[in-house]
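Engineer: Before we start, here is the structure in question, set down as C-alpha cells.
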Amino acid sequence: MKRFELFAASALALVIAMPAAAQVAPPPPTTVPPDAATTATTDTPTDDAGNKVGGFQADDDIIVTAAKREQTLQDIPISVSVTGVDTIEKAQIVDLINLQSVVPSLRVTQFQSAGQTNFTIRGFGNGNGNIGIESSVGVFIDGVYRSRSASAIADLPDVQRIEVLRGPQSTLFGKNVSAGAISIVTKLPEFDWHVRAEATAGNYGLMQANASITGPLSETVAFRVYGNVNQRDGYFRNIVSGGEVNGRDRFSIRGDLLFQPSSDFSLRVIADLNHIDEICCGASTLFNGPATVLIGAPRAGVLGVGATIGNPARLFDRELVYNTAPNNVLTGKGISAQADLSLGFAKLTSITSYRTQSNRTTLDVDFTGADISNQTTNDRIKTFTQEFRLASDNAGPFNWLLGGFYADEKIDTGRNILFGRDSRAFVDALTVGRGANGLPNGAPPVGTLETLQSLVNPNVRPGATYFQQGQGIFDNYKLDDRSFSIFGQFDFKITDRLTFTGGGAYLNDRKKAQSNVVLTDRFALLNLRNVPELGFLPLSIIAPGAPGTIPVNLFAGLNAVQFFYADTANHAPVNFPNANESGILKDDKFTYAGRLAYDLDSRLNVYASYSTGWKAGAYNLSSDSRPPNNGVGRTADPENVTVYELGAKARFNGGFLNLAVFQQSIKGFQSNAFTGTGFALVNAGKQSVKGFELDAQYRPVRPLLLTGAVTYLDPKYDSFTRATCVSFDPVCQVPAGSPAGTLAPQFRDLSGRRPAGISKWTGSVSATYTQEFGDGYSAFVRGEYDFASKTRLTDTVPANLNTFSQNTVNASLGVSTPYKLDVQLWVRNLTQDKYLLSAFQTVIQSGSFSGYPNEPRTYGVTLRKAF
C-alpha cells in the first residue's frame, strides 16, 4: 500500500509540474485535433461530406455530456474518456467489444452466446448469464438506457463519440451505474444533404457495409437514415458437424428525425431495429476430468459413451465438439423522443423511450460430441423509460440541474434443459460401481435402482425411467421492475478558480417476480435418502443370505447426479412466490456526491471528490442451483458503492495528461458464479480496489500523434465468506468417512484474496503518423499496442488452467483523396496473441473445465466514399 500511495503522490505531482516544464521547453505545435481524447485520436476528422474539418484545434474543444450538460473534456473534473469517430474508423472499432482496445479501464467479454456479454469498469461489473441481474455498468445510446447487454452489443450506430464514465454515476444516471457508464452519442440530422457509404472485405469471408444519408425535409425538419450489415464466417470449426462457429450475421437500420422550428425548441425522434442471427459462441477444452474421459471412452457395456471430446492440447486450434450448433437470434427495436425547450433561465429536456428485445438461443451445454443435454432459451423484454431534466443556463457563479427518471420493465424468460439420447449411457458410466454399497461389482446403480423399484412400483420400468431423452427442466420466469429516481446537482464558484459541486439522488426500485418451473427429470424428484420401495424388499436380493430389508438410503450417494434441484418431499420444483419467498423486492437509497475543483492556471486543474453509488437488489432468474448451493437464495441484496478520487488534468503545448487516483469499494457486490449446473447469486460482503488511471496525448511534431492510457488496479475481497464452493478446493470436499449422501460444504471463504478477472496493469498506446501530400491527398499509418498483465480469469476454475496475459498489436494505414474517397487497410491482433477471455466448470462434468479463446488475427480493406 505504501508503494502505491508513493507512486500515486509522485504521479500527481508530476502532472501538476508538467505545465510549468512545458512552458520552458521548445514549443511544438500548440494545437491538437478535435477528436483528441483520453484514448486515441487522429488529426484529420471529416464531416458527412468527406471534407476535412476542424484543423488542429485544442483538446479543450471536445464537448462531453458526462454530467448531463455540455462541458469540455479537460474542464470536467471527473474521470471520463472520449473516443471520437475518427479514432473509431482508424482503429476499426465496430462494436463495444472492440472499444476496450482504446479504453483500458473498460473490459467487455462475450461468453456462451452473443447476448451474454459482460461490461466491467475498474474491475467491477456483473450481469452475464443471468437475465435477472442488471449490469453494474449502464449503457446509454442517445440518453436512452439499455438495461441488458443483449440490447447493446449490436454494431455501433452512426456514432459521433463514445464517453466512458469511470466510477459510480448513480447521482445523475440512476440505479444501475454503480461501476460506471458508457454513453454513445450519435450524429444529428443535418440541414445540408450528405451521403456516406462504407464497404469492408476481410479474411474469414468478412463482408461489411454501411451507409447514411442526411438532409432537409423542410426548413425546420431534417432527417438521417443509417443502415449496416455485417457478415463473416466463423473462426471455430466444429469437428463433429463440420460447421463453423463464432461467425457474424447481423444488420441494423435507424431513422432519425429532427424538428427545429426555432433556436429555443427542438424535437428529435429516433426509431431503430437491429437483428442478429449467428452461430456463437465457441468454448475450447481446458481440462478433461474423469467424467469427460468417460464420455470419450469406447462404448463397451457401461464403461463409456463413445463420443468425441475436446483435446486440451489443442486449446487454441479453435476446434469444437458440439453435437448441437449454438444458434443465437436476437432482435431489438425501439423508439425514442428527446425534446429540448429553452426557458431563458434554464433548459427543459424530456427523453421518452420504449424498447423491446427478444433473444432466442440454443446451446450444447455439455460441450462434447455426445448428445447428453441441450438448452433452449427465450427472453422477451419490454422497457419504457421517461426522463425530465431542468438545467440552468450556466450564467453566474451558481448553476444547477434537477431531474427525474422513471423506468417500467417487464421480462418474460423461458428456458429448457433437456436430456439427449446419450444421457443415460453417460450416467451409467459415471456411476458404475458407486453410490450403493453391496451392489455387484460393475453394476450400474441407476439401472439397479430401477430394477428394484419396479418389483414394487409398476410406474418404474428398468432401463426406461430415469435420464430418458426429452426429460429435463422447463423454466419460466416473469419479472416486473418499476423504478424511479429524483436527482439534482449544483456547481458553485467559490472563487474564480475554486468550484464546489454537490449532488444527490433518491432512488427507488420495486421488483415483482414469479416462477413456473416444471421438472420432468424423474430422477431429480427422488428423495434418495428415503426410497420407500426399497423398504419392502429383502436385502438378500442383492446380498444373498443377508437378513432384513434393503436400506431405504442405499442409493443416497447418487445425489451427485441429481442435476436439477427439487423439493423431494413434495416431488416438485420450488416455485415462488411461496411461504418463504414473497416474490417482491423493495429497495431505496439516497446517493450523493461532493467535489472540489481548483484551476491552478489556465492549463491545469485539480479536483478531489467523494461519491456514492447504488444498484438495486436482484432476482436469480436462472436454473435453480440448489444443491450444491442449497444455502443460496433466489435474491441478492443491493450493491452500495463509495469512491474517493483525486485527479488532475493538464494541458501543455502539443498535448495533455490526465490522472485520476481512486479508492473504490462495493458492499454487497452481486456475485453471479456458474456452478456447473446453474448460477449461484450471492452478495460478497465487501470488495474494494485502489488504483489510478493515466491518459496522455502528445504531438512532438505536426504529423505525429502519440497516445497512451494506463490503468492500475489493486483489488481485494475485504469480506466474502459465502463464495461458491468448487470441486477442486479442499475445503469444499466431503470429509473422508462421511455417511453416504453427505452434502459438500456450500460456501468457501475468499476474504483477503484478490478477485479473479482483474489485471493489475492494463493499457493501450498508439502512434499515428499522417502525411499531407497536397492537392487534397494524404496518408496515415497507425500502430496500437494493448496489454493486460497476467491474471486469473475466474475463481471457479483452478488458477493453473486459467491464468493469462494479453499483448495485442493492431495496425492500420490509409489514403485519402480529393474525390472524398478513402481507402484503409487494417489488421487486428497482428501477432496472433493467444489468451482466454474467461473459463468455467464444464456442465455436469465435475473436474472438467472449458474456456473462451480470444479472436484470432483478422484483417481487411475498407473503402469510404462521401457524396
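Numbering (mature numbering (1 follows the signal peptide of the UniProt record, and there is no 0)) for the sequence shown: -24 to -1, 1 to 843.
All residues carry an ideal CB built from backbone N, CA and C; glycine is no exception.
Span of the alpha helix (DSSP H) holding residue 422?
Structural biologist: For the purposes of this step, residue 422 is taken as the residue at position 446 of the sequence shown. Residue 422 -> alpha helix (DSSP H) spans 421 to 430.
Engineer: Given that a residue counts as buried once 16 or more other Cβ atoms are within 10 Å of its Cβ, and exposed if not, what is residue 145?
Structural biologist: Looking up residue 145 in the sequence shown gives position 169. Buried, by the Cβ-count rule.
Engineer: Are the Cβ atoms of residue 730 and residue 692 separated by less than 9 Å?
Structural biologist: Within the sequence shown, numbered from 1, the residue matching residue 730 stands at position 754. Within the sequence shown, numbered from 1, the residue matching residue 692 stands at position 716. Cβ atoms of residue 730 and residue 692: closer than 9 Å.
Engineer: With DSSP run on the structure shown, which of helix, strand or coil describes residue 151?
Structural biologist: As a first step, residue 151 must be located in the sequence shown, where it is residue number 175. Residue 151: coil per DSSP, three-state reduction.
Engineer: My output table needs one value for residue 356: the three-state DSSP class, helix, strand or coil.
Structural biologist: For the purposes of this step, residue 356 is taken as residue 380 along the sequence shown, with counting starting at 1. Correct three-state label for residue 356: strand.
Engineer: Sorted by chain position, which residues of the same chain lie with C-beta nearer than 8 Å to residue 249's C-beta, five sequence neighbours on each side aside?
Structural biologist: In the sequence shown, the residue the question calls residue 249 occupies position 273. For residue 249, where only same-chain residues beyond five positions count, the Cβ hits under 8 Å are 228, 229, 230, 307, 308, 309.
Engineer: Closest to residue 137 by CA distance: which of 62, 275, 320 is it?
Structural biologist: As a position in the sequence shown, residue 137 is number 161, starting the count at 1. Per the Cα distances, 62.
Engineer: Distance, Cα to Cα, residue 836 vs residue 802?
Structural biologist: Here residue 836 is taken as the residue at index 860 of the sequence shown, counted from 1. Here residue 802 is taken as the residue at index 826 of the sequence shown, counted from 1. Looking at the two C-alpha atoms, the distance is approximately 6 Å.
Engineer: Using the Cα positions of residue 490 and residue 733, report the straight-line distance between them to the nearest angstrom.
Structural biologist: As a working note, residue 490 is residue 514 in the sequence shown. As a working note, residue 733 is residue 757 in the sequence shown. About 33 Å.
Engineer: Could you compute how far the alpha carbon of residue 181 sits from the alpha carbon of residue 629?
Structural biologist: Counting from one through the sequence shown, the residue named residue 181 turns up at place 205. Counting from one through the sequence shown, the residue named residue 629 turns up at place 653. Rounded to whole angstroms, residue 181 to residue 629 spans 45 Å at the Cα level.
Engineer: According to DSSP, is residue 261 helix, strand or coil?
Structural biologist: Start at 1 with the first residue of the sequence shown, and residue 261 comes out as number 285. Residue state, collapsed to three classes: strand.
Engineer: From residue 213 to residue 258, what distance separates their C-alpha atoms?
Structural biologist: As a working note, residue 213 is residue 237 in the sequence shown. As a working note, residue 258 is residue 282 in the sequence shown. Between the C-alpha atoms of residue 213 and residue 258 there is a straight-line separation of about 9 Å.
Engineer: Considering only the alpha carbon of each residue, which of 565, 553, 625 lies closest to residue 580?
Structural biologist: Taking the first residue of the sequence shown as 1, we reach residue 580 at position 604. Distances from the CA of residue 580 to each of 565, 553, 625 were compared; the closest alpha carbon is that of 625.
Engineer: Spatial neighbours of residue 566 within its chain, please: CB distance less than 6 Å, with the 5 preceding and 5 following residues excluded, ordered by chain position.
Structural biologist: Along the sequence shown, read from residue 1 onward, the residue named residue 566 stands at position 590. So the qualifying residues of the chain are 482.
Engineer: Is residue 463 closer than 9 Å to residue 147 when the C-beta atoms are compared?
Structural biologist: Working through the sequence shown from its first residue, we reach residue 147 at position 171. Working through the sequence shown from its first residue, we reach residue 463 at position 487. A contact, by the Cβ cut-off of 9 Å.
Engineer: Does residue 535 come out as helix, strand or coil in the three-state DSSP assignment?
Structural biologist: Reading the sequence shown from its first residue, position 559 is the one you call residue 535. Of the three classes helix, strand and coil, the one that applies to residue 535 here is helix, per DSSP.
Engineer: Using the rule of at least 16 other Cβ atoms within 10 Å of the residue's Cβ for burial, across every protein chain shown, is residue 524 buried or exposed?
Structural biologist: In the sequence shown, counting from the first residue as 1, residue 524 sits at position 548. Exposed: under 16 other Cβ atoms inside 10 Å.
Engineer: By DSSP's criteria, residue 829 is part of a beta bridge. Which residues make up the other side?
Structural biologist: Locating residue 829 in the sequence shown gives position 853, counting from the first residue. BP columns for residue 829 point to 812.
Engineer: Between residue 430 and the rest of its own chain, which residues show a CB-CB distance below 7 Å, the 5 nearest in sequence each way excluded?
Structural biologist: Locating residue 430 in the sequence shown gives position 454, where the first residue counts as 1. Only 436, 437, 438 meet the Cβ criterion.
Engineer: Looking only at its chain, what residues have a beta carbon closer than 6 Å to the beta carbon of residue 759, apart from the 5 residues adjacent to it on each side?
Structural biologist: Locating residue 759 in the sequence shown gives position 783, where the first residue counts as 1. Result list for residue 759: 743, 787, in chain order.
Engineer: Thinking C-alpha only, which one of 60, 74, 428 is nearest residue 93?
Structural biologist: Within the sequence shown, the letter at position 117 stands for residue 93. Per the Cα distances, 74.
Engineer: Going by the CB atoms, is the gap between residue 828 and residue 88 shorter than 9 Å?
Structural biologist: Within the sequence shown, numbered from 1, the residue matching residue 88 stands at position 112. Within the sequence shown, numbered from 1, the residue matching residue 828 stands at position 852. Contact: yes.
Engineer: Quick check on the burial criterion: 16 or more other C-beta atoms within 10 angstroms. Buried or exposed for residue 842?
Structural biologist: The residue given as residue 842 occupies position 866 in the sequence shown. Under this definition residue 842 is a buried residue.
Engineer: Counting pairs of Cβ atoms below 8 Å between the segment 450 to 470 and the segment 501 to 516, do you hit three or more?
Structural biologist: no
Engineer: With a Cβ-Cβ cutoff of 9 Å, do residue 466 and residue 478 count as a contact?
Structural biologist: Residue mapping note: residue 466 aligns to position 490 of the sequence shown, counting from 1. Residue mapping note: residue 478 aligns to position 502 of the sequence shown, counting from 1. The answer is yes: Cβ separation under 9 Å.
Engineer: By DSSP, does residue 74 sit in helix, in strand, or in coil?
Structural biologist: Numbered from 1 along the sequence shown, position 98 holds the residue referred to as residue 74. Residue 74: helix per DSSP, three-state reduction.
Engineer: Count the other CB atoms within 10 Å of the CB of residue 707; is the residue buried (16 or more) or exposed (fewer)?
Structural biologist: In the sequence shown, counting from the first residue as 1, residue 707 sits at position 731. Under this definition residue 707 is an exposed residue.
Engineer: Which residues in the same chain as residue 224 place their Cβ atom closer than 7 Å to its Cβ, once the five residues preceding and following it in sequence are excluded?
Structural biologist: By 1-based counting over the sequence shown, the position of residue 224 is 248. Within the same chain, residue 224 has close Cβ partners 206, 207, 208, 254.
Engineer: Here's a check: name, in chain order, each residue in its chain whose Cβ is nearer than 7 Å to the Cβ of residue 347, leaving out the five neighbours to either side.
Structural biologist: Counting from one through the sequence shown, the residue named residue 347 turns up at place 371. The residues are 299, 396, 397, 398.
Engineer: Report the option in 107, 657, 797, 119 whose CA atom is closest to the CA atom of residue 149.
Structural biologist: In the sequence shown, residue 149 corresponds to position 173, counting from 1. Checked all of 107, 657, 797, 119; the closest Cα to residue 149 is 119.
Engineer: For residue 443, report the span of its beta strand (DSSP E) as first-last.
Structural biologist: Here residue 443 corresponds to residue number 467 of the sequence shown, with the count starting at 1. Here residue 443 belongs to no beta strand (DSSP E), and DSSP marks it neither H nor E.
Engineer: Rounded to the nearest angstrom, what separates residue 761 and residue 548 at their Cα positions?
Structural biologist: By one-based count along the sequence shown, residue 761 stands at place 785. By one-based count along the sequence shown, residue 548 stands at place 572. Computed Cα separation, rounded: 55 Å.
Engineer: Residue 55: which of 355, 672, 219, 757 sits nearest, CA to CA?
Structural biologist: Translated into the one-based positions of the sequence shown, residue 55 becomes position 79. Answer by Cα proximity: 672.
Engineer: Going by DSSP in three states, residue 402 sits in which element: helix, strand or coil?
Structural biologist: The residue you call residue 402 lines up with position 426 of the sequence shown. The answer is helix: DSSP assigns residue 402 an H, G or I state.
Engineer: With DSSP as the reference, label residue 269 as helix, strand or coil.
Structural biologist: Against the sequence shown, residue 269 aligns to sequence position 293. Of the three classes helix, strand and coil, the one that applies to residue 269 here is helix, per DSSP.
Engineer: Does the structure place the segment 806 to 821 close enough to the segment 256 to 274 that three or more beta carbon pairs sit under 8 Å?
Structural biologist: yes
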